[in-house]
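Numbering (my numbering), first residue to last: 1 to 138.
Just so you know, even glycine gets a beta-carbon here, dropped at the ideal spot from N, CA and C.
All values reported here derive from a predicted model rather than from experimental measurement.
In what follows, a single structure is set out as structure tokens and then discussed.
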């Protein structure tokens, strides 16, 4: 696989770990990874949103257990730190969905430095997802 496109819609702490892990593992092996944050997830591309990430309510009672496992494994505990780690791989790009950004009042100026920008979802599908060897949705 040379190109991977990922679409993330949820902003739950535990729900972000899987797609970010997929991106990290793929990028580590030289795969180009493009990620589109849609719906609730677009907020994660802001400093405030990344800090506000909480465990999905389905697993809220297990948050400390999960975070202890993350610490034990040496993985970044804060989502923004995980995004920074993935970005350092050099071949990963993070995008915010234009419609989601409008819904949640996210502007380009609020984006974390690791984000490429806010893009039209159709552009992402035509330029990234269709051209990818695989597209994964979370």
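In chain order, 34, 128, 129, 132, 135 place their CB closer than 6 Å to the CB of residue 5, counting only its own chain and leaving out the 5 sequence neighbours on each side. Beyond the five residues adjoining it in sequence on each side, residue 43 comes within less than 7 Å, by CB distance, of 11, 49, 104, 106 in the same chain, given in chain order.
According to the DSSP assignment, residue 136 belongs to the beta strand (DSSP E) that extends over 134 to 137. Across the set 98, 8, 115, 66, the C-alpha of 66 shows the shortest separation from the C-alpha of residue 55.
Ranked by Cα distance from residue 21, the options 45, 113, 87, 39 are led by 87. Counting only runs of at least 4 residues, the region 94 to 123 fully encloses the following alpha helix (DSSP H) elements, listed from N- to C-terminal order: 98 to 103. Of the candidates 120, 13, 40, 13 places its Cα closest to the Cα of residue 58. Separation of residue 102 and residue 29 (C-alpha to C-alpha, rounded to the nearest whole angstrom) is 35 Å. Cβ contact annotation for residue 80 (same chain, cutoff 6 Å, sequence separation greater than five): 50, in chain order.
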